[in-house]
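Accompanying notes for the structure given below.
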Ligand SMILES: *Cc1c(COP(=O)(O)O)cnc(C)c1O
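Structure (structure tokens):
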């Protein structure tokens, strides 16, 4: 979660089972029932989340006809203009999508995205980025993910799309919002006791680098030195060695290491390194 937060230019993050759940939690965080959500007409939150915005957060949607999934400040202003009615019905949230799924994975140029988030903030609207595919946008545009995610109040990232994890997504935002999001995660039934084992897939080993019988494990993401990590592994009965890299350990198979030994190590290593945390 800490790594995802830093990657997305936010203070904190929360691991959840799906990006749909991350979006739905975010909608509830920023709004009250009866509020208006502004989003592009074919956005995932509008057409692929099956009325979730209405069912879970009680939102009305003011859709904008976009171009390649994008829209400009004038369109945002028109869609979020204060109601002329006496009752205080208003847009409180704008959601953008990058890359935009329905338009075939189109990206927002950073300047356009910033113009819309700045205008939203001036008008008192909260901003959410459905960045399920944000890293595709980062690669395609050469812009750092934190630059894309940073201007928003909350950001969704899906780990199971192009990133290839078996499941999982992340919602990122301020510390304060993520405390509230944690409650949302429980309300949606998305708090998992087994979160560590699936979240770990998001910090995957570099498979490209494994060609033969060596697996190098970088323990830096877990806040451990190699000597701490080796001591913990030893306590759990798993022998590994240090490498020339200050934060990398080495696991090696050979004739006398059986398949059962490896299965056992797969269970013990995350436990020893404290990667298996409760949700
Ligand atoms: C796939 C997708 C989602 C939903 O992701 P799940 O993890 O399948 O719920 C949300 N937003 C966009 C833009 C997507 O492409």
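In this note's numbering, the protein residues as written are 53 to 331.
The beta carbon of each residue, even a glycine, is placed where N, CA and C say it ideally should be.
Any non-hydrogen atom of ligand 1 closer than 7 Å to residue i Cβ
i, result
"residue 213", "yes"
"residue 184", "yes"
"residue 149", "yes"
"residue 221", "yes"
"residue 71", "yes"
"residue 159", "no"
"residue 217", "no"
"residue 265", "no"
"residue 153", "yes"
"residue 96", "yes"
"residue 75", "yes"
Residue from the options whose Cα sits closest to the Cα of residue i
i, options, result
"residue 80", "264, 137, 109", "109"
"residue 333", "167, 87, 194, 166", "Residue numbering for the chain in the displayed model covers 53 to 331; residue 333 lies beyond these limits and cannot be assessed."
"residue 123", "233, 99, 102, 95", "95"
"residue 230", "149, 247, 207", "207"
"residue 121", "133, 148, 60", "148"
"residue 140", "237, 173, 118, 84", "84"
"residue 255", "97, 271, 166", "271"
"residue 91", "57, 144, 59", "144"
"residue 202", "74, 192, 165", "165"
"residue 53", "125, 253, 173", "253"
"residue 193", "151, 60, 250, 134", "151"
"residue 264", "224, 241, 306, 153", "306"
"residue 219", "69, 226, 63", "69"
"residue 226", "56, 175, 63, 249", "63"
"residue 291", "321, 172, 276, 158", "321"
"residue 213", "176, 57, 157", "157"
"residue 72", "89, 98, 65, 55", "98"
"residue 200", "168, 217, 221, 174", "168"
"residue 191", "67, 171, 161", "161"
"residue 74", "286, 241, 136, 299", "241"
"residue 173", "159, 155, 187, 205", "205"
With 16 other Cβ atoms within 10 Å as the buried cut-off, status of residue i
i, result
"residue 180", "buried"
"residue 409", "Given that the chain is displayed from residue 53 to residue 331, the structure contains no residue 409 and the question cannot be resolved."
"residue 138", "exposed"
"residue 266", "exposed"
"residue 296", "exposed"
"residue 246", "exposed"
"residue 182", "buried"
"residue 238", "exposed"
"residue 178", "buried"
"residue 77", "buried"
"residue 262", "exposed"
"residue 197", "buried"
"residue 116", "buried"
"residue 222", "buried"
"residue 304", "exposed"
"residue 312", "exposed"
Minimum Cβ-Cβ distance from residue i to chain B less than 8 Å
i, result
"residue 221", "This model lacks chain B altogether; it includes just one protein chain."
**Report entry** Contained beta strand (DSSP E) runs [length at least 3] in the segment 241-278, N- to C-terminal order
**Finding:** Segments of the beta strand (DSSP E) lying fully in the segment 241-278: 266-270.
Query - Segments assigned alpha helix (DSSP H), at least 4 residues, entirely inside the segment 147-180 - result: Runs found: 162-174.
Query raised in the report: Enumerated in chain order, which unbroken segments of the alpha helix (DSSP H) with a length of 4 residues or greater are wholly contained in the segment 197-241?
Result: Unbroken alpha helix (DSSP H) stretches of 4 residues or longer found wholly inside the segment 197-241: 197-201, 227-239, given in chain order.
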